[in-house]
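Peer 1:
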Amino acid sequence: MDTIKTRLAGVRQQIETAMQTYGRDQGSVVLLAVSKTRPVDDILDAVRAGQRSFGENYPQEALEKIQSLRREPIEWHFIGRIQSNKTRLIAENFHWVHSVDSLKQAQRLNNQRPPQLPPLNICLQIKVDPETTKGGLSPSEAGALAVCFSSLPRLRLRGLMTLPAPTTDPRAQRLPFRKLRLLLQHLNRQGLDMDTLSMGMSGDLEAAIAEGSTIVRVGTAIFGRRDSQPSFDPDNLQHQNLKE
Ligand SMILES: *Cc1c(COP(=O)(O)O)cnc(C)c1O
652 MDTIKTRLAG VRQQIETAMQ TYGRDQGSVV LLAVSKTRPV DDILDAVRAG QRSFGENYPQ
712 EALEKIQSLR REPIEWHFIG RIQSNKTRLI AENFHWVHSV DSLKQAQRLN NQRPPQLPPL
772 NICLQIKVDP ETTKGGLSPS EAGALAVCFS SLPRLRLRGL MTLPAPTTDP RAQRLPFRKL
832 RLLLQHLNRQ GLDMDTLSMG MSGDLEAAIA EGSTIVRVGT AIFGRRDSQP SFDPDNLQHQ
892 NLKE
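When we follow this note's numbering, the leftmost residue of the sequence shown carries the number 652, and every step to the right adds one.
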């Protein structure tokens, strides 16, 4: 039976092969293990196999795990929908937030980031594909919001994130990722210093690496299929498509 350790090794190999195929520099792609709905023991298995970065979507569920794993050398990334009443929890407990899509969210995270912690790393979530109902800024809104970050000293704007509509066609998979890369390059040329493209999941990580991803967010391929959602949590609606 496949264990988390063997699946993790398989994903690392897949990333390594894609990096070689597409001429990516060694160390230029980080694997974020998406542990939403997974128990603490699964996370510990991955930590023992050398995994350091974990992604969570639901603040309350994440907080319990973060507290029980305090002693582990884990970097926590928030990748879920941000509700205003959860920004303090996120600002106090995470190292990164990938899913910021409004100035109001950014201001709250900035004001609530504890002064003794380093600035919170932020990615703006972009809706590159206008047909998808998932959250995110349009590419044209991203530049204006990115400029505002200079007045938010407790945040560090690192880059862009996208969550495209799933498709199994490898060529179609690359299109939204290419759009995100071109948007980052455009913003870089306007003087915005960002280095991160958070894109690619279990089913499309090769396409994302081909287009320049620097963080792939992988859940299913490491932990197996998520057959149950956590007990009801309003943060949980994003993945049931009840939003919008
Ligand atoms: C769940 C989730 C992932 C991981 O998806 P898998 O297909 O299980 O790899 C990545 N990014 C976000 C934003 C997610 O919500």
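A virtual CB, placed ideally from N, CA and C, is assigned to each residue, including glycine.
With distance defined between alpha-carbon atoms, name the residue in Ala-823, Gln-711, Gly-863 and Gly-875 nearest to Ser-853.
Peer 2: Gly-875
Peer 1: Would DSSP call Asn-762 helix, strand or coil?
Peer 2: Shown here, Asn-762 sits in a helix according to DSSP, grouped into three states.
Peer 1: Among Arg-759, Leu-754, Phe-729 and Asn-762, which has the Cα closest to the Cα of His-746?
Peer 2: Phe-729
Peer 1: Is Ser-735 helix, strand or coil when you go by DSSP?
Peer 2: helix
Peer 1: Bridge partners for Arg-868 per DSSP, in chain order?
Peer 2: Leu-683
Peer 1: Can you tell me whether DSSP reads Met-812 as helix, strand or coil?
Peer 2: strand
Peer 1: Tell me whether Met-852 counts as near ligand 1, meaning its Cβ is closer than 7 Å to at least one heavy atom of that ligand.
Peer 2: yes
Peer 1: Evaluate contact between the segment 767-780 and the segment 731-748, counting only Cβ atoms and requiring at least three cross-stretch pairs below 8 Å.
Peer 2: yes
Peer 1: Taking buried to mean at least 16 other C-beta atoms within 10 Å of its own C-beta, is Glu-628 buried or exposed?
Peer 2: Beyond the ends of the chain as shown, which are 652 and 895, falls residue 628; an answer cannot be given.
Peer 1: Does DSSP put Gln-767 in a helix, a strand or coil?
Peer 2: coil
Peer 1: Using a threshold of 7 Å, is the CB atom of Leu-834 nearer than that to any non-hydrogen atom of ligand 1?
Peer 2: no
Peer 1: Say whether chain B places a C-beta atom closer than 8 Å to the C-beta of Trp-727.
Peer 2: Checking the listed chains, one finds no chain B in this structure; it contains a single protein chain.
Peer 1: Trp-727: buried (16+ other C-beta within 10 angstroms of its C-beta) or exposed?
Peer 2: With 16 or more neighbouring CB atoms inside 10 Å of its own CB, Trp-727 falls in the buried class.
Peer 1: For Gly-661, report the span of its alpha helix (DSSP H) as first-last.
Peer 2: Residue range 655-672 is occupied by the alpha helix (DSSP H) that includes Gly-661.
Peer 1: Can you find the residues in the same chain that come closer than 8 Å, C-beta to C-beta, to Ala-861, ignoring five residues on each side of it along the sequence?
Peer 2: Ala-669, Thr-672, Tyr-673, Arg-825 and Phe-828
Peer 1: Does Val-779 come out as helix, strand or coil in the three-state DSSP assignment?
Peer 2: coil
Peer 1: Shorter than 7 Å, the distance from the beta carbon of Thr-871 to the closest heavy atom of ligand 1, or not?
Peer 2: yes
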